[in-house]
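Novice:
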């Protein structure tokens, strides 16, 4: 299956064997830990020094730590034009205090907005915000999203929750505004509004129906 890369500078979609963006000409750099294309010299998510994309194979074969699985997101330019959702590279995930304990099965949370081309696979501890979190590149052009808007967490046996981190425009769940700093349990096939962006909530492992045409 052919992979799709997205240039972090101009958001152009690229072939998976690209080392330079054929639109803006920038050389592509990747974080060897989170396996995400980034600008600059250091990954803003985990502080790891970026390496040229063309050197990634050599870096991995030299015995470096396997990168965590990057989640499929669709980085959109501020203009709101349609975007390509990148397919992920890598399958191993480094141990984390946020991962479920051995012997437990974690349900996968996905936030979907078809109109904006967004398909966000959420990890426990993920923050949605314009300046913080793994998806800051996605939301940096959306002024209704606060710098540090909301937090997602998962507890085995209890499930997924979302917590409003004191955002300006709030978080609505199933048509009701949730209270800041109070975790709100989530269920599959429900609707969540972050700022003014509505998402269809899918928790994998549950049967779901196609209700995503409603999201805006």
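In our numbering, the protein residues as written are 22 to 237. Using N, Cα and C, we set each Cβ at its ideal position, and we do this for glycine too. A quick note: this is a predicted structure, and the numbers were derived from the prediction, not measured.
Is residue 173 helix, strand or coil when you go by DSSP?
Specialist: strand
Novice: Please report the Cβ distance between residue 220 and residue 133, rounded to the nearest whole angstrom; I am assuming they are in contact, meaning their Cβ atoms lie under 8 Å.
Specialist: 6 Å
Novice: Which residues does DSSP pair with residue 194 in a beta bridge?
Specialist: DSSP output for residue 194 lists 197 and 213 as bridge partner(s).
Novice: Where do the N-terminal and C-terminal ends of the alpha helix (DSSP H) with residue 158 fall, by residue?
Specialist: 157-160
Novice: When DSSP labels each residue in this structure, what does residue 163 get in the three-state scheme?
Specialist: Three-state result, residue 163: coil.
Novice: Where do the ends of the beta strand (DSSP E) carrying residue 130 lie?
Specialist: 129-134
Novice: Leaving aside the five residues before and after residue 154 along the sequence, list all residues of the same chain whose C-beta is less than 7 Å from its C-beta, in chain order.
Specialist: 147 and 148
Novice: Hey, quick one: how far does the beta strand (DSSP E) through residue 38 stretch, first residue to last?
Specialist: Unbroken run through residue 38: none, as it is neither H nor E.
Novice: What number of angstroms, rounded off, separates the C-alpha of residue 190 from the C-alpha of residue 32?
Specialist: Straight through space, the alpha carbons of residue 32 and residue 190 are spaced by roughly 27 Å.
Novice: So which of 65, 140 and 184 has the shortest CA-CA distance to residue 157?
Specialist: 65
Novice: Assuming residue 182 contacts residue 201 under a Cβ cut-off of 8 Å, what Cβ separation, rounded to an integer in Å, is found between them?
Specialist: No, residue 182 and residue 201 are not in contact; Cβ-Cβ is about 14 Å, not under 8 Å.
Novice: By DSSP, does residue 76 sit in helix, in strand, or in coil?
Specialist: helix
Novice: How about residue 39 and residue 58: do their beta carbons lie closer than 8 Å?
Specialist: Cβ atoms of residue 39 and residue 58: not closer than 8 Å.
Novice: Give me the Cα-Cα distance between residue 185 and residue 49, rounded to the nearest whole angstrom.
Specialist: One Cα belongs to residue 185, the other to residue 49, and the distance between them is close to 34 Å.
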